[in-house]
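Read through the structure below, which is laid out as structure tokens, and then see the notes.
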Amino acid sequence: MHIPFLRPAAGLAIALLMQAGPARCADMPTLTLLTEHAPPASMLERGQVTGRETDKIRAIMDRAGTAYRLDVLPWKRAYHMAQTQPATCVYSTSRTPEREALFKWVGPTMQADWVFYGRLDHEFPLRTLEDARSLRIGTYNGDARDEFLRNRGFQVDATTNDLANPQKLLLKRIDLWAVGLRPGSPGPERPAWKGIIGPLLVFHQVQIYLACNQAVPDQLVERLNTALAELRRDGTLAKIERRYANWTPAPSP
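Sequential numbering of the sequence shown, starting at 86, is according to this note's numbering.
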């Protein structure tokens, strides 16, 4: 078998390339990846964007060799920027029929349950989504649950701060609060709500994605989805999940 002779300089260059991992695509854009402060999925800690879904997104970008930058913004602003600015993506985004044509999708990275929370002393029946048709439902402005319920004719009362909804439940200004939960998550809980507010019904399930602007090249989206599939197969995603399995908020200083 003939083995071609490599000059020392050429051999060194090849060795360095082999050690460098996946090459960055010079002709691909640097992606701006936006998210909201929603621990433990995504959060800003000591100036760094961290969290379970953030770690997954970082792993995808690194495996694909894609240049990126991260930022945390209010959800509605981040979501709007991903729709209107090239090379911009937003996570963690529920993939719904209403949003399907708005983005190019990388994922899923997670599944979420949509749950109605309410007062535990409620007197109305609630066995199916349709039972909520006549009830007042607290939502978060710009959120997928708000879109889903509003587009189906339910009575939604949107707020710019989702944590205003449990207070509205306590005051009986709304009947239900639409909450998104990762399966197995204990869900939102505060001492003031304990024994008064709790989960009543899982009314829908969705897959969670990185949603990218339509101008992001198809080749790059495919590359990112391929990287995600590799991370799922080799156990990296499961390792990230386990890292946050017992996550609790850091105590206030």
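Think of the CB as a built atom: it goes at the ideal place given N, C-alpha and C, for glycine as much as any other residue.
Tell me, which residues are paired with residue i by DSSP?
i, result
"S179", "I293"
"F201", "A263, L286"
"W190", "A296"
"R154", "T117"
"I222", "V241, L261"
"S270", "Answer is none; S270 lacks a bridge partner."
"L129", "V134"
In angstroms with no decimal places, state the Cα-to-Cα distance between residue i and residue j.
i, j, result
"T117", "H289", "30 Å"
"K257", "I222", "11 Å"
"L220", "G265", "19 Å"
"L248", "D147", "34 Å"
"G272", "D112", "43 Å"
"Q252", "T181", "28 Å"
"R143", "H207", "43 Å"
"D242", "K141", "33 Å"
"G283", "W332", "21 Å"
"L214", "A152", "42 Å"
"F209", "A186", "37 Å"
"E232", "G132", "32 Å"
"D260", "D303", "44 Å"
"P334", "A163", "24 Å"
Measuring CA to CA, which of the options is closest to residue i?
i, options, result
"E327", "P171, R137, G238, T181", "Inspection of the sequence shows that residue 327 is occupied by Arg rather than by Glu. Answer by Cα proximity: R137."
"L305", "P159, L129, E208, T173", "T173"
"Q168", "L295, A323, I142", "L295"
"T178", "Y329, V200, W190", "W190"
"M166", "L316, E215, R317, A300", "A300"
"A197", "A126, E185, G320", "A126"
"L124", "A323, Q240, T139, F233", "Checking the sequence shown, residue 124 turns out to be Pro, not Leu. Closest option to P124, Cα to Cα, is T139."
"I325", "P114, I145, R131", "I145"
"V291", "D228, L261, I281, I259", "D228"
"Y329", "S270, A163, T115", "S270"
"H122", "A323, G280, N246", "N246"
My understanding is that residue i touches residue j, with C-beta atoms under 8 Å, so please give their C-beta distance in whole angstroms.
i, j, result
"L211", "L129", "Between L129 and L211 the Cβ distance is about 36 Å, and since that is not below 8 Å, they are no contact."
"F201", "A263", "6 Å"
"N226", "K161", "6 Å"
"P171", "N298", "6 Å"
"R230", "W278", "In fact, because the Cβ distance is near 19 Å, the residues do not count as touching under 8 Å."
"L234", "T244", "L234 to T244, Cβ: 14 Å. No contact."
"R318", "L254", "Their Cβ separation, rounded to whole angstroms, is 43 Å, which puts R318 and L254 out of contact at 8 Å."
So, for residue i: in the same chain, excluding its five sequence neighbours on each side, which residues have a beta-carbon less than 6 Å away from its beta-carbon?
i, result
"A149", "R308, L309, A312"
"L155", "L118, V134"
"L158", "L119"
"T321", "A144"
Within a Cβ cutoff of 7 Å, which residues of the same chain sit near residue i, ignoring the five residues on either side of it in sequence?
i, result
"N236", "E183"
"P276", "none"
"R218", "F239"
Is residue i near the ligand MN, going by C-beta to nearest heavy atom under 7 Å?
i, result
"L322", "Summarising the ligand content, the structure contains no ligands, and the ligand MN is consequently not present."
Once you ignore the five residues that flank residue i on each side, which residues in its own chain have a CB closer than 8 Å to its CB?
i, result
"I293", "E138, Y176, S177, T178, S179, R180, G192, P193, T194, M195, Q196, A197"
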